[in-house]
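Line order of the protein sequences matches chains A and U.
Note that our numbering numbers the first sequence so that position 65 is 65, with each residue one more than the last.
Note that our numbering numbers the second sequence so that position 12 is 219, with each residue one more than the last.
There are 2 protein chains.
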Amino acid sequence: MQHSSKFIEAAVDQMASLSGIGRKTALRLVLELVKRDKERVERFANSFTDLKEHIHFCESCYNLSDEIRCRICTNPNRDQSMICVVEDIRDVMAIESTQHYKGLYHVLGGRISPMDGIGPDDLTFGSLFKRVQAFGEGLELILGLSATMEGDTSAFYIYQNIKDSPTKLSTIARGIGVGTELEYADEVTLGRSIMNRTPFELSLSRP
Amino acid sequence: MQHSSKFIEAAVDQMASLSGIGRKTALRLVLELVKRDKERVERFANSFTDLKEHIHFCESCYNLSDEIRCRICTNPNRDQSMICVVEDIRDVMAIESTQHYKGLYHVLGGRISPMDGIGPDDLTFGSLFKRVQAFGEGLELILGLSATMEGDTSAFYIYQNIKDSPTKLSTIARGIGVGTELEYADEVTLGRSIMNRTPFELSLSRP
């Protein structure tokens, strides 16, 4: 589709450079911006440049942060003896929004995937192992990785590297989602959820 | 969902202010921008401020343009005796991309919709009637409006205002889309397409 203005063309190109936004959607969004007043468009644009200027990865857990260390790592009320290892920043947000976890995090930045050329050195494992070593005894590492081959590989890599340290290693429970009908659950999940069944009394006491 | 950074929060707010973009999608897009290098994010942001700074509505047809009059209106190769009336700038782009139309356009900026409080004075009818009057004899006005009650109201309003002028009024053909199976077409469209049937020879000569 040809546009009557090279500025529209440029804005559509930029919008469509985001994954999941096609050129038709991009055009719709750009025309919406055209209709807004100038101050509002400036606020829109500046929010992205501000973001890039001010945001850091937390030097401890690699979560996104406005400061050198993030709000979670510097919060004295968080349980310092628990580190939940996740792949992505979005996983931190998802777990935080449950309000059921009061420990710290470690964001790997991805998962080991030889097919995509991602090895352990491309992720933040090194810094994770340093954190584990520095803590010493009494640390629990909770693996919140995805239930895929790559997630399992990453989990096994962590296991191999910390199995000699006095760290408790656990993994988030896999099972049938709350509110999901058994007949629609996939076989692997259902199989795991039978194998890893919990005592009934325990399931009652959980939130 | 709580974000670990107020800059993320602000950028997500801005992104989610676009219609059709929810907060989860907005977050995904913002995190994609965070991962890009600074120059690329600046290019992204600047494309929208540039847009707002440089773009005009063409003073003649109300299409978007980099100049006071748009590329189509100023193109001497376009047929000046044909004006296609459309509701939206996107309709111009859609018709342009067919490459079957060589006349001019007039963008109404919407359609008459009393339910939404949009009357004729909120749209560019006045300027359209001035163009029609200024041209005089030999002009063809093609109505490319949507086949809805509002589109029909707008079409009728135009008809009422120019019926005494020596202007030929036509409307784009409604019918079964090319490649569409009859059984899946809605009844109204199918009915109209039978009523407005074209001679077979004519249908062959069309592109």
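Glycine is no exception: its CB is placed at the ideal position from the N, C-alpha and C atoms.
All of these numbers come straight from a predicted model, not from anything done at the bench.
query                                                                                                                          : result
Bridge-paired residues (DSSP) for U:Asp286                                                                                     : U:Gly310
Collapsed DSSP secondary structure at A:Lys52 in the structure displayed                                                       : helix
Same chain, Cβ closer than 8 angstroms to U:Lys309, five either side skipped, listed in chain order                            : Asn284, Arg285, Asp286 and Met289
Same chain only: Cβ atoms within 8 angstroms of A:Leu29, ignoring 5 sequence neighbours per side                               : Met15 and Ile21
Under 9 angstroms (Cβ pairs) to chain U, residues found in the stretch 80 to 92 of chain A                                     : Asp88, Ile89, Arg90 and Val92
Distance CB(U:Thr378)-CB(U:Ala392) smaller than 8 angstroms                                                                    : no
Limits of the alpha helix (DSSP H) - the one that U:Lys213 falls within                                                        : Lys213 to Ala223
Coil, strand or helix - A:Leu169 by DSSP                                                                                       : strand
Chain-ordered neighbours of U:Val248 on chain A, where CB pairs are closer than 8 angstroms                                    : Phe48, Thr49, Leu51 and Lys52
Simplified DSSP state of A:Val86, which is helix, strand or coil                                                               : strand
Stretch pair the stretch 51 to 65 of chain A + the stretch 29 to 38 of chain A: three plus CB contacts closer than 8 angstroms : no
Three-state secondary structure (DSSP) of U:Glu347                                                                             : strand
Reduced DSSP secondary structure (H/G/I, E/B, other) of U:Ile325                                                               : strand
Assigned secondary structure, U:Leu271 (DSSP; H/G/I helix, E/B strand, else coil)                                              : strand
Cα-Cα separation between U:Lys259 and U:Leu271, rounded to whole angstroms                                                     : 11 angstroms
Residues within the stretch 54 to 73 of chain A neighbouring chain U, beta-carbon criterion of under 7 angstroms               : His54, Ile55, Asn63, Leu64, Ser65, Asp66, Cys70, Arg71 and Ile72
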